[in-house]
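Numbering (my numbering), first residue to last: 1 to 326.
Every residue gets a Cβ at the ideal spot worked out from N, C-alpha and C, and that includes glycine.
Remember, it's a predicted structure, so these values are computed and weren't measured experimentally.
Spelled out as structure tokens, the structure:
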């Protein structure tokens with residue numbers, strides 16, 4: 001059994017915050033709360049409105065759920081550590097958080113790739129769209145988009161458990177693969193683990209980015225020669241997905257670069273990078289789709305009208321024909 005199990009790890013990032021930790025708690029709490037409210041609103045909307053039971057919105061449903069899992073794996077613990085003097089975690093808990101965080105990142109890219117494929121089919125094969133994107137296929141793609149990255153990440157966690165720790169201080173505000181490996185003994189890191197990590201980065205990072213880029217390149221080339229209405233429809237359909245993809249790719253790229261140069265940058269940047277990676281995207285995804293997608297806007301408008309009508313009907317009305325006797 002690995003001797004590293006049942007040890008306590010220390011989060012050093014919390015010690016030097018001082019009174020700034022209460023400001024950070026307020027920011028995290030408000031953004032996390034907003035993320036929960038917006039996410040559950042969109043999820044409920046998709047669930048209740050039959051007109052939104054389409055592949056694009058089912059994939060959006062999976063994307064939002066994944067965002068909730070990723071943010072909930074981190075921020076409740078972070079807020080608790082900010083309010084208490086206890087800045088420690090167990091090694092097992094750190095590994096579990098790393099698994100959820102890795103699954104969150106990998107699933108984001110696989111779902112975005114599946115969504116790009118859905119948009120690609122709808123634009124290039126509109127007449128065969130419903131034949132290709134059958135309910136059964138949508139279920140299979142949704143299942144694979146989430147559980148395939150999680151299964152491969154579980155393999156990475158198993159390999160990580162084989163390393164021995166020579167340090168016990170984490171310089172981030174939560175656990176991830178890089179922070180755990182930075183604690184290991186230099187001569188104890190397995191080559192298998194390194195190769196497997198590179199495989200995961202290529203399979204669930206580089207490859208999805210390449211496929212999405214290729215699909216949008218083809219879409220752009222086709223829409224340049226399309227009619228004005230067709231071009232407008234393609235832009236309306238693809239813009240929310242494209243904004244989300246670019247945002248998450250930039251955040252991921254910035255996080256990877258930061259992990260390589262973290263010893264040479266101010267500690268406060270650590271918090272900024274962490275918030276951008278796992279707090280902002282889960283809020284942005286439902287907000288962007290709610291703001292940009294006309295079908296969701298129509299569905300929201302319909303529900304608001306029904307709610308207002310129900311309230312107005314429940315308000316008692318005064319009979320103007322009745323006379324007041326004095």
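So, helix, strand or coil for residue i, using DSSP?
i: residue 10; result: strand
i: residue 184; result: strand
i: residue 169; result: strand
i: residue 134; result: coil
i: residue 1; result: Per-residue confidence for residue 1 stands at a pLDDT of 49, beneath the threshold of 50, marking its modelled position as unreliable; no derived number is given.
i: residue 88; result: strand
i: residue 162; result: coil
i: residue 232; result: helix
i: residue 154; result: helix
i: residue 127; result: coil
i: residue 143; result: helix
i: residue 174; result: coil
First and last residue of the alpha helix (DSSP H) that includes residue i?
i: residue 193; result: 191–201
i: residue 113; result: 91–124
For residue i and residue j, I'd like the C-alpha separation in whole angstroms.
i: residue 250; j: residue 202; result: 16 Å
i: residue 245; j: residue 139; result: 22 Å
i: residue 291; j: residue 252; result: 24 Å
i: residue 53; j: residue 47; result: 8 Å
i: residue 295; j: residue 256; result: 36 Å
i: residue 303; j: residue 51; result: 13 Å
i: residue 156; j: residue 227; result: 48 Å
i: residue 66; j: residue 283; result: 12 Å
i: residue 333; j: residue 100; result: This structure does not reach residue 333, given that the chain is present from 1 up to 326, and the question cannot be answered.
i: residue 308; j: residue 286; result: 24 Å
i: residue 152; j: residue 212; result: 21 Å
i: residue 85; j: residue 21; result: 11 Å
i: residue 217; j: residue 119; result: 13 Å
i: residue 93; j: residue 154; result: 14 Å
i: residue 146; j: residue 18; result: 39 Å
i: residue 197; j: residue 144; result: 20 Å
i: residue 177; j: residue 209; result: 21 Å
i: residue 23; j: residue 193; result: 38 Å
i: residue 238; j: residue 199; result: 29 Å
i: residue 181; j: residue 261; result: 15 Å
i: residue 236; j: residue 158; result: 43 Å
i: residue 333; j: residue 276; result: Nothing can be reported for residue 333: it is not among the residues displayed for the chain, which extend from 1 to 326.
i: residue 135; j: residue 171; result: 46 Å
i: residue 288; j: residue 95; result: 32 Å
i: residue 258; j: residue 271; result: 11 Å
i: residue 310; j: residue 301; result: 14 Å
i: residue 220; j: residue 207; result: 20 Å
i: residue 77; j: residue 214; result: 39 Å
i: residue 247; j: residue 41; result: 22 Å
i: residue 97; j: residue 113; result: 24 Å
i: residue 71; j: residue 225; result: 42 Å
i: residue 305; j: residue 117; result: 34 Å
i: residue 229; j: residue 137; result: 29 Å
Just to confirm my understanding: we take residue i, look at its own chain, exclude 5 residues before and 5 after, and list those with CB closer than 8 Å. What are they?
i: residue 79; result: 25, 28, 29, 32
i: residue 115; result: 56, 59, 60, 63, 241
i: residue 359; result: The chain is shown from 1 up to 326; residue 359 falls before or after that span and cannot be answered.
i: residue 165; result: 4, 7, 91, 183, 184, 185
i: residue 75; result: 28, 32, 278, 279
i: residue 132; result: 121, 125
i: residue 36; result: 68
i: residue 34; result: 283
Between residue i and the rest of its own chain, which residues show a CB-CB distance below 6 Å, the 5 nearest in sequence each way excluded?
i: residue 274; result: 173
i: residue 167; result: 183
i: residue 204; result: 106, 109, 149
i: residue 122; result: 129
i: residue 169; result: 10, 12
i: residue 223; result: 231, 234
i: residue 179; result: 170, 172
Among the residues of its own chain, which have a CB less than 7 Å from the CB of residue i, if the five just before and after it don't count?
i: residue 87; result: 10, 11, 14, 15, 81
i: residue 142; result: 58, 59, 62
i: residue 148; result: 110
i: residue 39; result: 64, 67, 68, 282, 286
Unbroken alpha helix (DSSP H) runs of length 4 or more, entirely within the stretch 239–309: which are they?
268–278, 280–292
For a minimum of 4 consecutive residues, which ranges assigned as the alpha helix (DSSP H) are wholly contained in the stretch 14–78?
Here the runs fully enclosed are 20–48, 55–72.
Runs of alpha helix (DSSP H) lying entirely within the stretch 198–230, each at least 4 residues, in chain order
207–223
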